[in-house]
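Asker:
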Amino acid sequence: MITLASDFGSPYPAAMRGVICARTDGRIVDVTHEFPRQDVRAAAFWVREVLPCFPPATHCVVVDPGVGTDRAAVVVEADGHRLVAPDNGVVVPVARRLGNATDGRPDDETEAFDVWEYEYENSEMASSTFHGRDLFAPTAAAVHDADGPGELDRCVRTDEWVDLRFPDPEVGEEGAVGEILVVDDFGNAVTNVPGEVVAGLGSVRVDGERVPVRAAYAELDAGDRLVTVGSHGNVELAVNRGRGDRAFGVAVGDRTALDW
Amino acid sequence: MITLASDFGSPYPAAMRGVICARTDGRIVDVTHEFPRQDVRAAAFWVREVLPCFPPATHCVVVDPGVGTDRAAVVVEADGHRLVAPDNGVVVPVARRLGNATDGRPDDETEAFDVWEYEYENSEMASSTFHGRDLFAPTAAAVHDADGPGELDRCVRTDEWVDLRFPDPEVGEEGAVGEILVVDDFGNAVTNVPGEVVAGLGSVRVDGERVPVRAAYAELDAGDRLVTVGSHGNVELAVNRGRGDRAFGVAVGDRTALDW
Amino acid sequence: MITLASDFGSPYPAAMRGVICARTDGRIVDVTHEFPRQDVRAAAFWVREVLPCFPPATHCVVVDPGVGTDRAAVVVEADGHRLVAPDNGVVVPVARRLGNATDGRPDDETEAFDVWEYEYENSEMASSTFHGRDLFAPTAAAVHDADGPGELDRCVRTDEWVDLRFPDPEVGEEGAVGEILVVDDFGNAVTNVPGEVVAGLGSVRVDGERVPVRAAYAELDAGDRLVTVGSHGNVELAVNRGRGDRAFGVAVGDRTALDW
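Residue numbers (our numbering), protein chains in the order written: chain A, 1183 to 1442; chain B, 1183 to 1442; chain C, 1183 to 1442.
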């Protein structure tokens, strides 16, 4: 199985599907092509959430503002999954999570994944603007059909790769200061604050205003603001049947202060 | 075959696809994940239109504003199809249509479908905000692989389920008063008025203004308003190469009066 | 393999998938359903770019503002691919490219594709507004399962079909005047000017203002305008990490003058 994830929207992903279908019979499953355009950190967050739901597969993740420059292409192997991506950190958080999956120590410092740099066969033929089609899709097809990245001529093990870590929240005795990492399609504003910090609380102050903490959106009336813990385990600013980002007046990258 | 339909947008459906791929080899076909957010009635309308085009399959339909509350999960069997959904009525109209499919009596009062309540194995483990991933996707995989819902330990036949019916239009000798049920991506405003009422008419008055009745959008000039009968069989307010909702100034839930 | 491309958005394509699944076991791959609504020329441009990436397949392309009128349905065969579409020119550019693919003479005047007109079996049963479901999807399934269009009873060879050609740019010694053909989801404004004309140039004047010519977006600072050659081989007006259409103030159909 080959999964595809990108910020390409439409119709560029079709070229990637075509290139893969022309090279392998492997099943293709789209993750999404609607990541926020050129937002490597948001894509890194979401692939960390969704790819571990899949059985071991080859995942092609292309959010690549550096396309056409000399940034490398990497193949990462973690817990039986293979990740094909530009070397900009977009698959590092998911590799870290997958690599530690079996022992339940997410974000452990002992990395349990391997990185190869992939030199594309015809890279001089590739366009400078669409490596999804010309580099990553054919690489994903090759990786899918190989027994392992090490089997491929043009894959070279490397210890030099671009890391990406989400910012740490400041968690104290009386509150936490976090940052909005992503806003989902419902408008829920997802912070980097771990859900544990609001466990057992009936309410918290968000940037000074008191807001109820609830397990489910529908525990409040339509239009009411709440703090909840999303499916990713982080604190989320939300509105029942509405958009949390608008109601709280926040956007990606904003800092937000929670007090209890 | 397992079909997926939701209002999740991106990227949450990828988690559902992953969960299903990890549990069954069944083919996955996406219906859509762009239903109007949390609009159970609109989703009920569209799945009634599109799911009967499929061969018998397991259909997972998740538009679920009550996620995390004590609303039940249901499995509905109708005419060989199996529908997995929250118990909020979203699959009742399609079940009714499927169940009556063979005798051509749509919306007949004699229900020809069966309902099971499904108690999820690890419901205490599930998140409170993403039952698509934690409850409905694994249930759909289990239902797909089973010979029937009755075979599953945690499926219990029930006669208590949440109904959903579309409002009836008022149709008289000189006109009809209906409601806009949905607006499609082209901007066509779909009413609950059956197409038969405009059969043979050259024009009708819509909220007082005379508008031609035509079988095809392109029978008029670009930008011209028309009344037509959509592929769903209902009266539709449309504009050739434009958006009917804007030209008629209507939105979902608005009442509209047709006179002839 | 059957690919699907349309301007239908959501959820109408699901009905097409269902109809096809009910008639054939062939694999379905979505190209896109987000072509600009009813823009036959834009769809013709994009399918010319992406369909040749696929191995030989049946491609169902429906952008059809004339739905319900007497426009014909065509099946086009080119280089082993079969294209099912309304007879409005939407698949002619890709057929021309596929037909000439082997000898590397794109847009050659010697056509190397064949056209059949397809008369649908139950056309009197079809809706007037959704031939994607009632005509093109079943035709694509039939074409997929047949050894060739000529094998189908209702397919008749024809030399009369609607052509579609993109406008030619005016290219002179000191500049070119072109037209914006499409704007992609990143906001890159794609012209009809072939990339060769800016080869080796460090900058050009676009509508009078000097703009650097670069191979990759990221060779400039975020927000900087550039002229580049897109993956389609045409000159593109772009912005690094931004939208070229807005920065250059252009939209589809606008003329643009490049001087060197």
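Here a beta-carbon is modelled for each residue, glycine too, at the ideal position from N, C-alpha and C.
How many angstroms separate the CA atom of glutamate 1231 of chain A from the CA atom of leucine 1383 of chain C?
Answerer: To locate residue 1231 of chain A, count along the first sequence from 1; it is residue 49. To locate residue 1383 of chain C, count along the third sequence from 1; it is residue 201. Each residue's alpha carbon lies about 45 Å from the other.
Asker: Starting from histidine 1326 of chain B, follow the beta strand (DSSP E) in both directions and report where the run begins and ends.
Answerer: Along the second sequence, read from residue 1 onward, the residue named residue 1326 of chain B stands at position 144. Unbroken run through histidine 1326 of chain B is the alpha helix (DSSP H), 1319 to 1327; no beta strand (DSSP E).
Asker: Are the CB atoms of arginine 1445 of chain A and alanine 1323 of chain A nearer to each other than 7 Å?
Answerer: Residue 1445 of chain A is absent from the model: chain A starts at 1183 and stops at 1442.
Asker: Here's the rule I'm using: 16 or more other beta-carbon atoms within 10 Å means buried, otherwise exposed. How should alanine 1433 of chain B be labelled?
Answerer: Working through the second sequence from its first residue, we reach residue 1433 of chain B at position 251. Counting Cβ neighbours within 10 Å, alanine 1433 of chain B comes out exposed, since fewer than 16 surround it.
Asker: Buried or exposed: alanine 1255 of chain A, going by 16 or more other Cβ atoms within 10 Å of its Cβ?
Answerer: Start at 1 with the first residue of the first sequence, and residue 1255 of chain A comes out as number 73. So alanine 1255 of chain A ends up on the buried side.
Asker: Please go through the same chain and pick out, in chain order, the residues whose beta-carbon is closer than 7 Å to the beta-carbon of threonine 1251 of chain C, but skip the five residues on each side of it.
Answerer: Your numbering for residue 1251 of chain C matches position 69 in the third sequence. Excluding residues within five positions, none has a Cβ falling inside 7 Å.
Asker: Considering only the alpha carbon of each residue, which of A:Glu1301, A:Val1395 and A:Pro1349 lies closest to proline 1320 of chain A?
Answerer: Locating residue 1320 of chain A in the first sequence gives position 138, where the first residue counts as 1. The shortest C-alpha separation from proline 1320 of chain A is found at A:Glu1301.
Asker: Measure the CB-CB distance between leucine 1408 of chain B and alanine 1397 of chain B and report whether it falls below 7 Å.
Answerer: Within the second sequence, residue 1408 of chain B is the residue found at index 226, counting from 1. Within the second sequence, residue 1397 of chain B is the residue found at index 215, counting from 1. Not in contact: leucine 1408 of chain B and alanine 1397 of chain B (Cβ atoms no closer than 7 Å).
Asker: Does any residue of chain A have a CB that is nearer than 7 Å to the CB of glycine 1250 of chain B?
Answerer: In the second sequence, the residue the question calls residue 1250 of chain B occupies position 68. Closer than 7 Å to some Cβ of chain A, the Cβ of glycine 1250 of chain B qualifies, so yes.
Asker: Can you give me the C-alpha to C-alpha distance between arginine 1425 of chain C and aspartate 1366 of chain C, rounded to a whole angstrom?
Answerer: The sequence position of residue 1425 of chain C within the third sequence is 243, counting from 1. The sequence position of residue 1366 of chain C within the third sequence is 184, counting from 1. Taking the straight line joining both Cα atoms gives about 9 Å.
Asker: Could you tell me the boundaries of the beta strand (DSSP E) in which arginine 1387 of chain C lies?
Answerer: In the third sequence, counting from the first residue as 1, residue 1387 of chain C sits at position 205. 1385 to 1388 is the span of the beta strand (DSSP E), which, as asked, contains arginine 1387 of chain C.
Asker: I'd like the span of the alpha helix (DSSP H) that includes alanine 1196 of chain A, first residue to last.
Answerer: By one-based count along the first sequence, residue 1196 of chain A stands at place 14. Segment 1194 to 1203, the alpha helix (DSSP H) holding alanine 1196 of chain A.
Asker: Is it the case that the region 1400 to 1407 of chain C contacts the region 1332 to 1342 of chain C, given that we only count it when at least three CB pairs across the two stretches are under 8 Å?
Answerer: Touching, no.
Asker: Please name the residue, chosen from B:Ala1400, B:Tyr1399 and B:Ser1385, that lies closest to alanine 1393 of chain B on a Cα-to-Cα basis.
Answerer: Start at 1 with the first residue of the second sequence, and residue 1393 of chain B comes out as number 211. The sequence shown places valine at residue 1393 of chain B, rather than the alanine named in the question. Cα-wise, what sits closest to valine 1393 of chain B is B:Ser1385.
Asker: Identify every run of the alpha helix (DSSP H) within the region 1199 to 1247 of chain B, keeping only runs that are complete inside it and at least 4 residues long; order them along the chain.
Answerer: Counting only runs of 4 or more, we get 1222 to 1232.
Asker: Short of 7 Å in beta carbon distance, which residues of its chain neighbour aspartate 1207 of chain C, apart from the five on each side in sequence? Order them along the chain.
Answerer: Locating residue 1207 of chain C in the third sequence gives position 25, counting from the first residue. Closer than 7 Å at the Cβ level, and outside the excluded window around aspartate 1207 of chain C, lies no residue.
Asker: Locate the alpha helix (DSSP H) running through glycine 1281 of chain C, then write down its first and last residues.
Answerer: For the purposes of this step, residue 1281 of chain C is identified with residue 99 of the third sequence, where counting begins at 1. First-last of the alpha helix (DSSP H) with glycine 1281 of chain C: 1274 to 1281.
Asker: So if I threshold CB-CB distances at 9 Å, which residues from the region 1199 to 1213 of chain C count as touching chain A?
Answerer: Flagged, chain order: Arg1209, Val1211, Asp1212 and Val1213.
Asker: Taking 7 Å as the cut-off, decide whether the C-beta atoms of valine 1258 of chain A and alanine 1239 of chain A are in contact.
Answerer: For the purposes of this step, residue 1258 of chain A is identified with residue 76 of the first sequence, where counting begins at 1. For the purposes of this step, residue 1239 of chain A is identified with residue 57 of the first sequence, where counting begins at 1. No, Cβ-Cβ distance for valine 1258 of chain A and alanine 1239 of chain A is not below 7 Å.
Asker: What is the DSSP secondary structure of aspartate 1441 of chain A, reduced to helix, strand or coil?
Answerer: Stepping through the first sequence from its first residue, residue 1441 of chain A is reached at position 259. Of the three classes helix, strand and coil, the one that applies to aspartate 1441 of chain A here is strand, per DSSP.
Asker: State the start and end residues of the unbroken beta strand (DSSP E) segment that holds alanine 1420 of chain B.
Answerer: Numbered from its first residue, the second sequence carries residue 1420 of chain B at position 238. Where alanine 1420 of chain B is concerned, the enclosing beta strand (DSSP E) stretches over 1416 to 1421.
Asker: State the Cα-Cα distance for the pair glycine 1390 of chain B and valine 1243 of chain C, rounded to the nearest angstrom.
Answerer: Counting from one through the second sequence, the residue named residue 1390 of chain B turns up at place 208. Counting from one through the third sequence, the residue named residue 1243 of chain C turns up at place 61. Cα to Cα, glycine 1390 of chain B sits roughly 39 Å from valine 1243 of chain C.
Asker: Can you give me the C-alpha to C-alpha distance between tryptophan 1442 of chain C and valine 1380 of chain C, rounded to a whole angstrom?
Answerer: Within the third sequence, residue 1442 of chain C is the residue found at index 260, counting from 1. Within the third sequence, residue 1380 of chain C is the residue found at index 198, counting from 1. Distance between the alpha carbons of tryptophan 1442 of chain C and valine 1380 of chain C: 8 Å.
Asker: Tell me whether aspartate 1427 of chain A sits in a helix, a strand or coil according to DSSP, three-state version.
Answerer: Locating residue 1427 of chain A in the first sequence gives position 245, where the first residue counts as 1. Helix.
Asker: Give me whichever residues DSSP pairs with tyrosine 1300 of chain B in a beta bridge.
Answerer: Translated into positions along the second sequence, residue 1300 of chain B becomes position 118. DSSP, once it has assigned bridges, lists B:Ala1255 and B:Cys1337 as partnering tyrosine 1300 of chain B.
Asker: Name the DSSP bridge partner or partners of serine 1188 of chain B?
Answerer: Here residue 1188 of chain B is taken as the residue at index 6 of the second sequence, counted from 1. Serine 1188 of chain B is bridged to B:Val1244.
Asker: By how many angstroms is the C-alpha of glutamate 1299 of chain C removed from the C-alpha of proline 1268 of chain C?
Answerer: Your numbering for residue 1268 of chain C matches position 86 in the third sequence. Your numbering for residue 1299 of chain C matches position 117 in the third sequence. Going from the Cα of proline 1268 of chain C to the Cα of glutamate 1299 of chain C covers about 10 Å.
Asker: Bridge partners of threonine 1373 of chain B, per DSSP?
Answerer: Here residue 1373 of chain B corresponds to residue number 191 of the second sequence, with the count starting at 1. Bridge partners of threonine 1373 of chain B: B:Ile1362.
Asker: If we ignore side chains and look at the alpha-carbon of each, how far apart do glycine 1412 of chain C and proline 1195 of chain A end up?
Answerer: Residue numbering aside, residue 1412 of chain C sits at position 230 when the third sequence is read from its first letter. Residue numbering aside, residue 1195 of chain A sits at position 13 when the first sequence is read from its first letter. Computed Cα separation, rounded: 15 Å.
Asker: Mind checking which residues open and close the beta strand (DSSP E) that includes arginine 1407 of chain A?
Answerer: By 1-based counting over the first sequence, the position of residue 1407 of chain A is 225. Run containing arginine 1407 of chain A: 1407 to 1411, per the beta strand (DSSP E) assignment.
Asker: Which residues in the same chain as glutamate 1361 of chain C place their Cβ atom closer than 6 Å to its Cβ, once the five residues preceding and following it in sequence are excluded?
Answerer: If you number the third sequence from 1, residue 1361 of chain C lands on position 179. Only Pro1349, Asn1374 and Arg1437 meet the Cβ criterion.
Asker: Let me see if you follow: with CB-CB separation under 7 Å, is threonine 1311 of chain A close to chain C or not?
Answerer: Position 129 of the first sequence, counted from the start, is the residue given in the question as residue 1311 of chain A. Yes - at least one Cβ of chain C is within 7 Å of the one on threonine 1311 of chain A.
Asker: If the cut is a Cβ gap below 8 Å, which residues of chain C does glutamate 1216 of chain B touch?
Answerer: The sequence position of residue 1216 of chain B within the second sequence is 34, counting from 1. Neighbours of glutamate 1216 of chain B on chain C, chain order: Gly1191, Ser1192 and Pro1193.
Asker: Return the CA-CA distance between methionine 1183 of chain C and glycine 1200 of chain A, expressed in angstroms with no decimal places.
Answerer: Translated into the one-based positions of the third sequence, residue 1183 of chain C becomes position 1. Translated into the one-based positions of the first sequence, residue 1200 of chain A becomes position 18. So the two alpha carbons sit approximately 11 Å from each other.
Asker: Within the continuous beta strand (DSSP E) that includes valine 1434 of chain A, where are the two ends?
Answerer: Your numbering for residue 1434 of chain A matches position 252 in the first sequence. No beta strand (DSSP E) contains valine 1434 of chain A, which DSSP labels as neither H nor E.
Asker: Let me know the secondary structure DSSP gives arginine 1315 of chain C once reduced to three states.
Answerer: What you label residue 1315 of chain C is simply residue 133 of the third sequence in a count that begins at 1. Correct three-state label for arginine 1315 of chain C: helix.
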